[in-house]
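Student: First to last, the protein sequences are chains A and B. Residue numbering for the first sequence follows the working numbering, starting at 1 and increasing by one per position. Residue numbering for the second sequence follows the working numbering, starting at 356 and increasing by one per position. Got a structure here, written out as structure tokens. Questions coming.
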Amino acid sequence: MSSPPGPADRIYRLILRIYPPDYLETFGDEMHQTFREGAHEARSQGRLGLFLLRELMDVPQVLANAYWDGWKRKLQNGIQTLQEVTSSDDLPPAPPDGRASWRQASFEMGPFLIAGLLLIFATYLPFDGLRPGWQRDPEFLGKVILPLALPILLLGLSRGLPRWAYPFAGLLFGYQALIAYQTSLWLFLIPMLLASVALALAAIMTDPQPALLPVPLRRIGQSLSADWTRLSFAFYGALPWVILRAFDDSHYDNRTPYLALSVLMMVTGALLYCRSRAKTIQIGALVAGLTFSIWGALLDRIFFAEGLMNWISVSSRGSAGNVWILELWLQWMIIILSPTLLLMFGRALHRKRAM
Amino acid sequence: MKKNLPVFNFSVIMSSGDMLSPDIFERALMNMPVETPLTESTYFILLSLSPKPKHGYAIMKDVKVLSQNRIVLSTGTLYGALKRLLDLGWIIRLEDANPRGNIRDRKVYKLSQHGRRVLRDEIARLEKLLIAAKHPVIEEHT
Chain A
1 MSSPPGPADR IYRLILRIYP PDYLETFGDE MHQTFREGAH EARSQGRLGL
51 FLLRELMDVP QVLANAYWDG WKRKLQNGIQ TLQEVTSSDD LPPAPPDGRA
101 SWRQASFEMG PFLIAGLLLI FATYLPFDGL RPGWQRDPEF LGKVILPLAL
151 PILLLGLSRG LPRWAYPFAG LLFGYQALIA YQTSLWLFLI PMLLASVALA
201 LAAIMTDPQP ALLPVPLRRI GQSLSADWTR LSFAFYGALP WVILRAFDDS
251 HYDNRTPYLA LSVLMMVTGA LLYCRSRAKT IQIGALVAGL TFSIWGALLD
301 RIFFAEGLMN WISVSSRGSA GNVWILELWL QWMIIILSPT LLLMFGRALH
351 RKRAM
Chain B
356 MKKNLPVFNF SVIMSSGDML SPDIFERALM NMPVETPLTE STYFILLSLS
406 PKPKHGYAIM KDVKVLSQNR IVLSTGTLYG ALKRLLDLGW IIRLEDANPR
456 GNIRDRKVYK LSQHGRRVLR DEIARLEKLL IAAKHPVIEE HT
């Protein structure tokens, strides 16, 4: 055993370097020593080749397990840190929401009402200032929405992110999605957003210190820990854009009564959400608001394709348009439901671990 | 409503020694479910450690002998299994009181009380299976 290290020993030391650092710190020296003892004995028995082959063959699986265990532990520690951070006492208590008062509820659903009215007026009133195809002009839409939504969102953030601020975040998110749709960046937008969130979480989990989380993020965490459905409400804030997108090419002049129906459904969904106390009803209201709003666009298409039967039997172009509307509905349904799905997944994991 | 998920890092607790009293630790382990039947590797590792604490290479050799050369653990697999058993609190990692030669800071592994009970339960389970296999009802048909 005191013999000088051979090539096998050097290779094994290199392999050990691939292991996760904490694993290596705990077991690295021991593993190296055990390997040397095993190699020494195998050499004396003339079976060194077999020994090395077995060691090498197991490396991928052992490495995968070591990394998976490390990530799992970091994830658990990160979740615990996030829970501790969001419940820390140095932040002001989360502001009340509209479940207790009509005034607060109307304030929270205000963005939907205003956006809906703007959509209706811009569609029905013959504005000379609006050129045809304004619904697809990101520059024009940006000039309208960014100066309105961004300051209000920042104001909300400075006040502990109350519920009324969430739809403005959704409006900005929806605007980004709209641009991405039109510039073929849609496929990159969601991965980029997810990657940003994953990187932020990874930073916290690899070094779980509450101080790493800046105050605005801690406020978001605190606000969401008070009521996680707010995240869905934020995504629902993008619904005016979804309606705009669903109706932008529904027929040539876009003056359809179904647009008003969609807007009404959106506002009703928001109102129901704001006034409900049960989370199931809240999420249900958002899902219903989205679904019935999309139905408005669907009905519009069916009406202008001269009836459902004709659309199904004759017009392939019409059915392609309807499929597109359904795709739009499905995408936003998944986005709005994603917090619920994540929560259910987390609870299922927790239950499995507790069993 | 906030639910703090308990995160037990048993290997840290066990190695630091003074973080929790043995009583508290044992009580925490009592409530932990044990996945039975044990895998063969786990069973032989626990069996190897039952007479006295051993270091990694000794365990590796024991497993080979006890399994009649059926299970030959690689170094990586052995330490993966030891880490899992440490996390479960079935074994304890200690400094080797009698290190050989020039090997410094050598660690040995010892069965914890909980690990010993798990092993005892598994042996009892296997004995029951063996008794069932030797039952007259079975022997009549074989």
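Glycine included, every Cβ here is placed at the ideal spot set by N, Cα and C. The structure presented is a predicted model; accordingly, all values stated were derived computationally and were not measured.
1) At a cut of 8 Å, does the segment 326 to 335 of chain A reach the segment 289 to 303 of chain A through at least three beta carbon pairs?
2) Within a Cβ cutoff of 6 Å, which residues of the same chain sit near F112 of chain A, ignoring the five residues on either side of it in sequence?
3) Taking buried to mean at least 16 other C-beta atoms within 10 Å of its own C-beta, is N424 of chain B buried or exposed?
4) Taking CB distances under 8 Å as the criterion, tell me whether T432 of chain B reaches chain A.
5) Can you list the residues of chain B that R54 of chain A reaches, using a CB-CB cut of under 8 Å?
6) Under 8 Å, do F168 of chain A and L153 of chain A count as touching if we go by C-beta distance?
7) How many angstroms separate the CA atom of A288 of chain A from the CA atom of L343 of chain A?
8) What whole-angstrom Cβ distance do H32 of chain A and L16 of chain A have, given they're in contact under 8 Å?
9) Compute the Euclidean distance between the alpha carbons of Q468 of chain B and W445 of chain B, then round it to the nearest angstrom.
10) Using the beta-carbon count (16 or more within 10 Å), is V263 of chain A buried or exposed?
11) Near I493 of chain B, what residues of its chain come up, given a Cβ to Cβ distance below 6 Å and the 5 sequence neighbours on each side ignored?
12) With a 10 Å radius around its C-beta and 16 neighbouring C-beta atoms as the bar for buried, classify I336 of chain A as buried or exposed.
13) Name the chain A residues whose beta carbon is nearer than 8 Å to that of G411 of chain B?
14) What separation, rounded to the nearest whole angstrom, lies between the Cα atoms of R103 of chain A and E139 of chain A?
15) Shorter than 8 Å from the beta carbon of D359 of chain A to some beta carbon of chain B?
16) For K465 of chain B, which residues from the same chain have a beta carbon less than 7 Å from its beta carbon, with the 5 sequence-adjacent residues on both sides left out?
17) Between the Cα of Q282 of chain A and those of A:A42, A:Y12 and A:D227, spot the shortest distance and give me the residue it belongs to.
18) For K438 of chain B and D451 of chain B, which I take to be in contact (beta-carbon distance under 8 Å), what is that distance rounded to the nearest angstrom?
19) Name the two residues that bound the continuous alpha helix (DSSP H) containing R47 of chain A.
20) Just reading off the alpha helix (DSSP H) that L148 of chain A is part of, what are its end residues?
21) In its own chain, which residues sit with a C-beta less than 6 Å from the C-beta of I243 of chain A, not counting the 5 before and 5 after it?
22) According to DSSP, simplified to helix, strand and coil, what is L474 of chain B?
23) Taking its Cβ as the centre, do 16 or more other Cβ atoms sit within 10 Å of I145 of chain A, making it buried, or is it exposed?
24) Suppose you measure from the CA of I114 of chain A to the CA of G78 of chain A; what does that come to, to the nearest Å?
25) Which residues in the same chain as F51 of chain A place their Cβ atom closer than 7 Å to its Cβ, once the five residues preceding and following it in sequence are excluded?
26) What does DSSP give as the partner residues of E450 of chain B in its beta bridges?
27) In whole angstroms, what separates the C-alpha of L157 of chain A from that of Y67 of chain A?
28) When you compare the CB of K462 of chain B with every CB in chain A, is at least one pair closer than 8 Å?
29) Is the Cβ-Cβ distance between Y175 of chain A and G221 of chain A less than 8 Å?
30) Taking Cβ-Cβ distances shorter than 7 Å, what residues in chain A pair up with G435 of chain B?
31) Just the C-alpha distance for L428 of chain B and G346 of chain A, rounded to the nearest angstrom, thanks.
32) If we call anything under 8 Å between Cβ atoms a contact, is G160 of chain A one with S223 of chain A?
33) Residues bridged to K409 of chain B by DSSP?
34) G116 of chain A and P240 of chain A - do their beta-carbons sit closer together than 8 Å?
Tutor: On the basis of the data shown:
1) yes
2) The residue labelled residue 112 of chain A in the question sits at position 112 within the first sequence. These residues qualify, in order along the chain: M266, V267 and A270.
3) Working through the second sequence from its first residue, we reach residue 424 of chain B at position 69. Per the 10 Å Cβ criterion, exposed.
4) Here residue 432 of chain B is taken as the residue at index 77 of the second sequence, counted from 1. It does; some Cβ of chain A falls within 8 Å.
5) Counting from one through the first sequence, the residue named residue 54 of chain A turns up at place 54. Correct list: V427 and S429.
6) Working through the first sequence from its first residue, we reach residue 168 of chain A at position 168. Working through the first sequence from its first residue, we reach residue 153 of chain A at position 153. Closer than 8 Å, so yes.
7) Translated into the one-based positions of the first sequence, residue 288 of chain A becomes position 288. Translated into the one-based positions of the first sequence, residue 343 of chain A becomes position 343. Each residue's Cα considered, the two are about 20 Å apart.
8) Position 32 of the first sequence holds residue 32 of chain A. Position 16 of the first sequence holds residue 16 of chain A. The pair is a contact, with the Cβ atoms about 6 Å apart (cut-off 8 Å).
9) Within the second sequence, numbered from 1, the residue matching residue 468 of chain B stands at position 113. Within the second sequence, numbered from 1, the residue matching residue 445 of chain B stands at position 90. Looking at the two C-alpha atoms, the distance is approximately 8 Å.
10) Counted from its first residue, the first sequence places residue 263 of chain A at position 263. So V263 of chain A ends up on the buried side.
11) Looking up residue 493 of chain B in the second sequence gives position 138. Nothing listed; no residue qualifies.
12) Position 336 of the first sequence, counted from the start, is the residue given in the question as residue 336 of chain A. Buried, by the Cβ-count rule.
13) Sequence index remark: in the second sequence, residue 411 of chain B carries index 56 (1-based). Ordered by position in chain A, the residues that pass the 8 Å Cβ test against G411 of chain B are E30, M31, Q33 and T34.
14) Stepping through the first sequence from its first residue, residue 103 of chain A is reached at position 103. Stepping through the first sequence from its first residue, residue 139 of chain A is reached at position 139. C-alpha separation (whole angstroms): 34 Å.
15) One cannot answer for residue 359 of chain A here, as it falls past the ends of chain A, which runs 1 to 355.
16) Start at 1 with the first residue of the second sequence, and residue 465 of chain B comes out as number 110. Only L404, P408, I446, I447 and L449 meet the Cβ criterion.
17) Working through the first sequence from its first residue, we reach residue 282 of chain A at position 282. Considering only alpha carbons, the answer is A:D227.
18) Within the second sequence, the letter at position 83 stands for residue 438 of chain B. Within the second sequence, the letter at position 96 stands for residue 451 of chain B. Contact flag wrong, Cβ pair sits at about 18 Å.
19) Locating residue 47 of chain A in the first sequence gives position 47, counting from the first residue. Neither: R47 of chain A is in no alpha helix (DSSP H) and is coded neither H nor E.
20) Here residue 148 of chain A refers to the residue found at position 148 when the first sequence is read from its first residue. Run containing L148 of chain A: P138 to S158, per the alpha helix (DSSP H) assignment.
21) Position 243 of the first sequence holds residue 243 of chain A. Hits under 6 Å: S262 and S293.
22) Position 119 of the second sequence holds residue 474 of chain B. Looking at L474 of chain B - three-state DSSP - the assignment turns out to be helix.
23) For the purposes of this step, residue 145 of chain A is identified with residue 145 of the first sequence, where counting begins at 1. So I145 of chain A ends up on the buried side.
24) Locating residue 114 of chain A in the first sequence gives position 114, where the first residue counts as 1. Locating residue 78 of chain A in the first sequence gives position 78, where the first residue counts as 1. Each residue's Cα considered, the two are about 40 Å apart.
25) Along the first sequence, one-based indexing puts residue 51 of chain A at 51. Answer for F51 of chain A: G38, A39 and A42, listed in chain order.
26) Here residue 450 of chain B is taken as the residue at index 95 of the second sequence, counted from 1. Partner(s): B:K462.
27) Counted from its first residue, the first sequence places residue 157 of chain A at position 157. Counted from its first residue, the first sequence places residue 67 of chain A at position 67. Going from the Cα of L157 of chain A to the Cα of Y67 of chain A covers about 37 Å.
28) Position 107 of the second sequence, counted from the start, is the residue given in the question as residue 462 of chain B. Yes, K462 of chain B lies at the interface with chain A (some Cβ there is under 8 Å from its Cβ).
29) The residue labelled residue 175 of chain A in the question sits at position 175 within the first sequence. The residue labelled residue 221 of chain A in the question sits at position 221 within the first sequence. Not closer than 8 Å, so no.
30) Residue numbering aside, residue 435 of chain B sits at position 80 when the second sequence is read from its first letter. Those within 7 Å of G435 of chain B in chain A are V62, N65 and A66.
31) Indexing the second sequence from 1 puts residue 428 of chain B at position 73. Indexing the first sequence from 1 puts residue 346 of chain A at position 346. Looking at the two C-alpha atoms, the distance is approximately 35 Å.
32) Your numbering for residue 160 of chain A matches position 160 in the first sequence. Your numbering for residue 223 of chain A matches position 223 in the first sequence. For G160 of chain A and S223 of chain A, yes; Cβs fall inside 8 Å.
33) Locating residue 409 of chain B in the second sequence gives position 54, counting from the first residue. K409 of chain B pairs with B:Y464.
34) The residue labelled residue 240 of chain A in the question sits at position 240 within the first sequence. The residue labelled residue 116 of chain A in the question sits at position 116 within the first sequence. A contact, by the Cβ cut-off of 8 Å.
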